[in-house]
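Per this note's numbering, residue 2 is the first one in the sequence shown, and the count goes up by one each step. Scroll down for the structure; my scribbles are underneath it.
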Amino acid sequence: MFNNKTILITGGTGSFGKKYVKTLLEKYKPKKIIVFSRDELKQFEMQQDFNDKCMRYFIGDVRDKSRLRRAMQGVDFVIHAAALKQVPAAEYNPMECIKTNINGAENVIEAALDSNVEKVIALSTDKAANPINLYGATKLASDKLFVAANNMAGGCRTTFSVVRYGNVVCSRGSVVPVFQKFIDEGKDHIPITHDEMTRFWISLQQGVDFVLTNFARMLGGEIFVPKIPSIKITDLAKAMAPNLPVKIIGIRPGEKLHEVMCPADLCFETYEYNDHFVIAPGIKFSSRSNDFTVNALGEKGKKVAQGFEYNSLTNPHFLSLEEIKKFNHQALL
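Set out below in structure tokens:
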């Protein structure tokens with residue numbers, strides 16, 4: 002569905018954007034791929050690897066609505082990946098996080114509607130479910146904006162959906178590179194914030210493939226959540242550095258022990274499919290049904306049981322030490 006189409010990626014120089022561009026170029030023949038981001042150095046560096054004739058690089062910030070409108074002219078699909086993502090940084094710079102993650106989301110929505118974009122998928126995070134930190138709260142607000150945007154569309158063709166997933170293995174700023182840095186520097190321990198901490202675990206390629214498929218699945222207004230494994234952070238440390246002890250350093254500001262992707266409070270709006278969940282909109286749509294038992298690919302889902310919660314602690318699928326090693330190795334390929 003991406004052949005001869007124009008795709009724009011906000012925050013396109015990040016880990017996700019690079020993998021997404023690579024996958025599009027390998028599997029499809031797009032008309033244009035537009036990388037929209039604010040860092041000229043990262044764009045220059047990305048151009049050294051991705052310089053196909055369909056590639057376009059736009060300097061711009063999602064805080065700038067007029068620049069977004071210009072960039073989206075003639076665009077068919079938008080992936081909104083731009084965000085301020087670091088939990089401690091958001092706690093100490095709250096207004097900057099709000100301007101990018103909430104105001105930026107509004108600008109993307111309005112620019113997409115003004116440009117008659119066909120489909121928009123916004124990337125979310127497990128931290129948006131039952132948030133306890135500002136980053137999660139801003140992403141929850143962003144998710145709500147993208148869901149509600151389907152009612153704003155009116156007669157436009159534009160539909161909006163959200164993809165939510167957990168920690169991306171080996172992505173910039175994630176825990177694996179941090180642990181690896183300690184190992185490479187010959188440190189005598191691995192720092193762990195809490196010995197009971199668990200996280201959902203997904204590779205960049207899995208995240209990219211999930212988003213690609215959901216462009217075909219989406220009806221508009223749903224939040225897609227993949228079924229992925231969990232890990233114990235202590236197991237990650239053992240898998241990466243079996244001969245190093247761990248040192249408990251305490252939970253950081255805004256950090257959770259365990260992550261949730263489908264809250265129990267939303268069980269009445271959550272559908273289970275074969276390899277993913279869908280959280281349906283709580284609001285009613287004026288233009289169509291709120292029935293999400295069948296998606297645009299004809300896949301069928303069913304309502305989850307009352308009280309169901311998709312939690313990294315109670316997830317039935319945990320990776321063993323050997324599986325973590327193999328998973329991390331494959332994620333680097």
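Ideal Cβ placement from N, Cα and C applies to all residues, glycine included. This structure is a prediction, so every number in the text was calculated from the model and none was measured.
State the Cα-Cα distance for the pair residue i and residue j, rounded to the nearest angstrom.
| i | j | result |
| --- | --- | --- |
| Leu245 | Ile191 | 7 Å |
| Ser290 | Ala281 | 11 Å |
| Lys35 | Ile80 | For clarity, residue 35 is Ile in the given sequence; the question names Lys instead. About 10 Å. |
| Phe225 | Val209 | 13 Å |
| Arg68 | Thr101 | 14 Å |
| Gly137 | Glu260 | 11 Å |
| Thr139 | Phe147 | 12 Å |
| Lys128 | Ala142 | 12 Å |
| Ala265 | Asn312 | 9 Å |
| Asp189 | Phe211 | 38 Å |
| Phe180 | Lys301 | 41 Å |
| Asn275 | Ala306 | 15 Å |
| Asp315 | Tyr58 | Looking at the sequence itself, residue 315 is Thr, so the reference to Asp does not match. Near 43 Å, if we compare the C-alpha coordinates of Tyr58 and Thr315. |
| Ala83 | Val169 | 15 Å |
| Ile249 | Ala238 | 12 Å |
| Asn5 | Lys28 | 12 Å |
| Phe293 | Leu85 | 31 Å |
| Arg64 | Ile103 | 9 Å |
| Phe183 | Val88 | 21 Å |
| Leu258 | Phe319 | 16 Å |
| Thr214 | Thr271 | 19 Å |
| Ile60 | Phe3 | 23 Å |
| Gln207 | Arg70 | 30 Å |
| Lys327 | Ala240 | 10 Å |
| Cys268 | Lys303 | 11 Å |
| Phe45 | Val118 | 27 Å |
| Val109 | Pro243 | 45 Å |
| Asn94 | Lys120 | 32 Å |
| Pro341 | Pro31 | Nothing can be reported for residue 341, as the shown portion of the chain is limited to 2 through 334. |
| Glu107 | Asp62 | 13 Å |
| Cys157 | Phe78 | 14 Å |
| Arg165 | Glu273 | 15 Å |
| Thr194 | Gly299 | 44 Å |
| Ser288 | Pro317 | 38 Å |
| Asn329 | Phe216 | 27 Å |
| Ile325 | Gln74 | 43 Å |
The ligand MN and residue i: does the residue's C-beta get closer than 7 Å to at least one heavy atom of that ligand?
| i | result |
| --- | --- |
| Glu273 | What this structure holds is no ligand at all, so the ligand MN is not there to describe. |
Return helix, strand or coil for residue i, following the three-state DSSP convention.
| i | result |
| --- | --- |
| Lys100 | helix |
| Ala281 | coil |
| Asn329 | helix |
| Val226 | strand |
| Thr159 | coil |
| Asn151 | helix |
| Tyr166 | coil |
| Phe309 | coil |
| Gly286 | Note that residue 286 is Phe in the sequence shown, not Gly. Three-state DSSP puts Phe286 in coil, outside helix and strand. |
| Phe293 | coil |
| Ile184 | helix |
| Pro178 | helix |
Do the CB positions of residue i and residue j come within less than 8 Å of each other?
| i | j | result |
| --- | --- | --- |
| Asp185 | Leu322 | no |
| Ser162 | Gly221 | yes |
| Ser116 | Asp144 | no |
| Arg218 | Ala297 | yes |
| Leu205 | Ala332 | yes |
| Cys263 | Glu223 | no |
| Phe278 | Asn152 | no |
| Glu97 | Pro254 | no |
| Val76 | Thr7 | yes |
| Leu114 | Ala72 | no |
| Lys43 | Glu111 | no |
| Lys19 | Cys55 | no |
Notebook entry, point to check: For the stretch 191-201 against the stretch 225-237, are there 3 or more C-beta pairs whose distance is under 8 Å?
Noted result: yes
Next item on the list: At 3 residues or longer, and completely inside the stretch 60-124: list those beta strand (DSSP E) runs for me, N to C.
Entry: 78-81 and 120-124
Notebook entry, point to check: Pairing CB atoms from the stretch 124-142 with CB atoms from the stretch 172-191, are three or more of them under 8 Å?
Noted result: no
Check: Touching or not, the stretch 8-15 and the stretch 34-53, by the rule of three or more beta carbon pairs under 8 Å?
Finding: yes
Next item on the list: Determine contact between the stretch 20-27 and the stretch 44-54, defined as no fewer than three beta-carbon pairs at a distance below 8 Å.
Entry: In the pairwise beta carbon analysis, the stretch 20-27 is classified as touching the stretch 44-54: at least three pairs are separated by under 8 Å.
Next item on the list: Report the residue ranges of all beta strand (DSSP E) runs contained in full by the stretch 4-70; include only those spanning at least 3 residues, in chain order.
Entry: 7-11, 33-38 and 56-60
Next item on the list: Could you pull out every unbroken beta strand (DSSP E) segment of at least 3 residues lying fully inside the stretch 197-284, listed in chain order?
Entry: 199-203, 224-227, 231-233, 247-249, 261-263, 271-273 and 277-280
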